[in-house]
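*Asks:* This is the structure I have questions about; it appears just below.
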Amino acid sequence: MHSSRESVLKDVQRITAKYGFGDKDSKWGIKVDRSPSYGGGLGVFATRDFKENEDILVTQPYAHVTDQNYCDGCYSPKDVKKLMKCSRCGFVSYCSKECQTKMWPIHKLECKHIKGILPYSDPPHAGMMCLARMIYTHRANITRNGTLELIEKLDDLWTKENQMNLPLTPQYVNNIPIYMQEPSGSTIPVQTLINYAKKYESHKLLFKNVRNTMILPLLGFFNHHCIPNTYRDNDRGGNNLDYVITASRDIKCGEELFMDYTGTDNRIEKLDFLKTFLHKCLCSTCREINDTGSKEKYYRCHSCNGRVDIRWKSPSLKRYHALCLKCGKEYNVEELEKKGNIIKSNIKEEFNKAPLEIKEMMIKLYKEHFHVLDIFLAEELDHSLDKDSMILLNDPFVFKRIQLQLRHHYGPRSFTAYEMFLKKDIIPKLVKINPDLALYLISSFTTDPKPNLSTLFSNPDPYFDLSLL
1 MHSSRESVLK
11 DVQRITAKYG
21 FGDKDSKWGI
31 KVDRSPSYGG
41 GLGVFATRDF
51 KENEDILVTQ
61 PYAHVTDQNY
71 CDGCYSPKDV
81 KKLMKCSRCG
91 FVSYCSKECQ
101 TKMWPIHKLE
111 CKHIKGILPY
121 SDPPHAGMMC
131 LARMIYTHRA
141 NITRNGTLEL
151 IEKLDDLWTK
161 ENQMNLPLTP
171 QYVNNIPIYM
181 QEPSGSTIPV
191 QTLINYAKKY
201 ESHKLLFKNV
211 RNTMILPLLG
221 FFNHHCIPNT
231 YRDNDRGGNN
241 LDYVITASRD
251 IKCGEELFMD
261 YTGTDNRIEK
271 LDFLKTFLHK
281 CLCSTCREIN
291 DTGSKEKYYR
301 CHSCNGRVDI
311 RWKSPSLKRY
321 HALCLKCGKE
331 YNVEELEKKG
341 NIIKSNIKEE
351 FNKAPLEIKE
361 MMIKLYKEHF
371 HVLDIFLAEE
381 LDHSLDKDSM
391 ILLNDPFVFK
401 RIQLQLRHHY
411 GPRSFTAYEM
421 FLKKDIIPKL
431 VKINPDLALY
441 LISSFTTDPK
451 PNLSTLFSNP
461 DPYFDLSLL
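Residue numbering for the sequence shown is 1 to 469, as defined by UniProt numbering.
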C-alpha cells in the first residue's frame with residue numbers, strides 16, 4: 001500500500017512539473033505532496049512565500065461546457081459581447097471568430113452529433129457533454145491544461161452514502177458512446193467512463209449556472225478548508241476561462257494551500273454541501289459542529305442575551321436539546337422552533353405592507369427571540385424586505401445586527417458586494433434621516449477610517465449581546 005501511494009505521488013509530481021509545479025524556482029512556487037491534514041492524501045504546498053492578494057496559480061479547464069448565453073471560447077456573456085451561434089449545429093455560441101477557431105479542434109468532433117440530436121430531443125446533458133469533451137481533448141492530444149492521466153490521480157470525493165445518487169449513473173454513462181456515435185465495440189470500457197464520471201462529479205466547478213461547468217485537474221489537488229488561505233476567481237473581466245488562485249493572506253513557504261470547495265461563505269449552505277462529500281473540514285467551526293451535532297441555530301437566551309443553539313444532549317442517542325452557549329440555560333426545542341418560525345413567517349409575508357408601528361413590533365419580536373448573529377435580517381433585506389421601511393425604522397442596532405451577521409456567516413469578503421448595495425439602495429435615503437448612521441455604515445463595509453460616533457450605539461436595545469459591540 002505504501003509503495004503504491006508513493007508511486008501515485010511521484011506520478012503526480014512528474015506530471016504537475018510540466019505545468020509549473022515544483023520547488024521555489026518553479027513557475028508557480030507550489031508543489032503536490034503528502035497532506036498530514038488529510039491522512040497522508042495529496043495536497044498542494046507553497047515552496048516559497050506569498051503575499052496577501054498575490055496570484056498563486058493561473059490555469060484553464062481541461063474540458064468545459066457553456067450554455068448558449070456564454071461564449072464557448074472565453075465565457076463572455078451575451079450582455080457583454082454579441083454572440084453568434086455555430087452555423088452548423090446552432091447550439092454552441094461564440095463572441096468572435098478567434099474563439100470559434102480556438103474551440104474548433106474539440107467542437108468539430110461533437111458538432112454533427114449535437115446537430116443530429118437537437119431536432120428530436122433536449123440539448124445534451126452538460127455532464128455528458130463535458131465527459132465527452134474530456135475524451136475528445138485526450139484524443140486531440142491537447143495537454144496544455146492537464147491530461148486524462150492527471151485526472152485519473154484525483155480522488156473520488158463522494159461519500160459512500162451518496163454513491164448511489166450520482167447524477168451520472170453507470171446506466172447514463174452508457175449513453176455517452178451513443179452521443180459520441182462510437183462504433184460498436186468501442187475501445188472505451190464502460191467502467192472507465194464511470195470512473196471519469198465520478199471524477200467529473202467530484203471536481204466539476206460551476207460558473208453562473210449548472211450548464212456552465214468545467215473540470216480543472218490542477219485545482220483538484222488543493223484540499224478543502226472552510227477558512228482557506230486562498231480564494232479563486234474567474235470573473236476578472238478578461239478571459240473568464242482563466243481560473244486564478246490567489247492568496248487570501250500572507251502564506252509562508254511550506255504551508256499547505258487550501259481552497260473552499262463549497263463556493264459559498266454562508267456557513268449553513270457550506271455545511272449542507274460538505275455532508276455530501278468525503279472531506280471532513282478541520283476548521284474550528286466544523287470541528288465543533290461535528291463534535292456537538294450543532295444545528296447552527298441562533299436563538300436568544302432570555303437570561304444573558306447569549307446564543308441558544310440546538311445540539312446533542314446525548315450524542316450516543318442523538319437526542320437534542322436547546323442550550324445557551326453563554327450561561328448554560330436550557331430551553332424547549334419545539335417551543336423555540338415553533339415561535340421562531342411564526343415570527344420569521346410574519347416578517348416575510350406581512351412586513352412590507354404593514355403600518356410603521358406594526359413593522360416596529362415585528363422587529364421587536366424578532367430581536368426578543370433571535371440572537372444578534374441570526375442571519376435572517378441580512379438575507380431578507382437583500383432578498384425581500386422593503387428597504388425604505390427598514391430605513392424608516394431608524395434603528396442603528398438593526399443595521400449593526402446586519403453588519404455582524406454578514407461578518408459571522410459570510411466573512412469579510414461579503415462586504416464588497418454589500419457596500420455596493422448600501423451605496424445604491426440605503427445610504428442616499430438614510431443620510432436624510434440619520435446622517436451619523438449613514439456615515440457609520442458606509443465606513444463599516446470599507447477600509448475607510450471609522451468615524452468617531454460614540455453616541456450612535458450608546459443605548460443598545462435590551463436584547464443585544466453587548467459582548468459583540
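In this text, a Cβ means the ideal position worked out from N, Cα and C, and glycines have one as well. What you are looking at is a predicted structure, and each value in this text was computed from that prediction instead of being measured.
#1: At which residues does the beta strand (DSSP E) containing M206 begin and terminate?
#2: How many angstroms separate the CA atom of Y94 from the CA atom of K432?
#3: Please return the same chain residues whose Cβ sits closer than 8 Å to the Cβ of C327, not counting the five positions on each side in sequence.
#4: Going by Cα to Cα distance, which pick from L325, I114, K252 is closest to Y299?
#5: So is R5 buried or exposed if we call it buried at 16+ other beta carbons inside 10 Å?
#6: Over the uninterrupted alpha helix (DSSP H) stretch that includes F376, give me the two end residues.
#7: Given 8 Å as the limit, is there contact between the segment 77-95 and the segment 52-62, that is, 3 or more CB pairs closer than that?
#8: Determine the extent of the alpha helix (DSSP H) in which V431 is found, giving its start and end residues.
#9: Any idea what DSSP makes of E330, helix, strand or coil?
#10: When we look at the beta-carbon of E357 and count the other beta-carbons within 10 Å, is it buried (16 or more) or exposed?
#11: For the alpha helix (DSSP H) holding C71, just list the boundary residues, first then last.
#12: Count the CB pairs spanning the segment 124-134 and the segment 60-77 that are closer than 8 Å, and state whether there are at least three.
#13: By the three-class DSSP mapping on this structure, what secondary structure does T159 have?
#14: Which residue marks the beginning of the beta strand (DSSP E) containing H321, and which one marks its end?
#15: Along the chain, where does the beta strand (DSSP E) that runs through A247 open and close?
#16: Are F222 and F258 closer than 8 Å when you measure CB to CB?
#17: Helix, strand or coil for P61? Go by DSSP, reduced to three states.
#18: Specify, as a first and last residue, the run of the beta strand (DSSP E) that V32 falls within.
#19: Using the beta-carbon count (16 or more within 10 Å), is K178 buried or exposed?
#20: When you compare the CB positions of D425 and K387, do they come within less than 8 Å of one another, or not?
#21: Can you give the Cα-Cα distance for K400 and D382, rounded to whole angstroms?
#22: Return the chain-ordered ranges of every alpha helix (DSSP H) run that is complete within the segment 381-411 and spans a minimum of 4 residues.
#23: Are the beta-carbon atoms belonging to K153 and V8 less than 8 Å from one another?
#24: Check this for me: beta carbons of V398 and L468, under 8 Å apart or not?
#25: Work out the CA separation of P77 and F207 for me, nearest whole Å.
#26: Hey, L422 and L441: beta-carbon distance below 8 Å or not?
#27: Under the three-state reduction of DSSP, which class applies to A140: helix, strand or coil?
#28: Suppose the cutoff is 6 Å on Cβ atoms and the five residues either side in sequence are ignored; what does the same chain contact list for Y75 look like?
#29: Would you call S248 buried or exposed, if buried means 16 or more other Cβ atoms sit within 10 Å of its Cβ?
#30: Once DSSP output is grouped into helix, strand and coil, what is the label at V92?
#31: Could you name the residues of the same chain whose beta carbon sits closer than 7 Å to that of K313, not counting the 5 residues immediately before and after it, in chain order?
#32: Measure from the alpha carbon of F370 to the alpha carbon of each residue in M390, I289, P462, then state which is nearest.
*Replies:* On the basis of the data shown:
#1: Residue identity differs from the one stated: residue 206 is Leu in this sequence, not Met. L206 -> beta strand (DSSP E) spans 204-207.
#2: 48 Å
#3: C301, S303, C304, G306
#4: L325
#5: exposed
#6: 376-383
#7: no
#8: 427-433
#9: strand
#10: exposed
#11: From DSSP, C71 is part of no alpha helix (DSSP H); its letter is neither H nor E.
#12: yes
#13: Only weak support exists for where T159 lies, its pLDDT of 48 falling under 50; the value from the coordinates is given anyway. It is coil, neither helix nor strand.
#14: 319-324
#15: 243-247
#16: yes
#17: coil
#18: 30-35
#19: Lys is not the amino acid found at residue 178; the sequence shown has Ile there. Its Cβ having fewer than 16 others within 10 Å, I178 is exposed.
#20: yes
#21: 15 Å
#22: 387-392, 396-410
#23: yes
#24: no
#25: 11 Å
#26: yes
#27: coil
#28: N240, L241
#29: buried
#30: coil
#31: R319, Y320, H321
#32: P462
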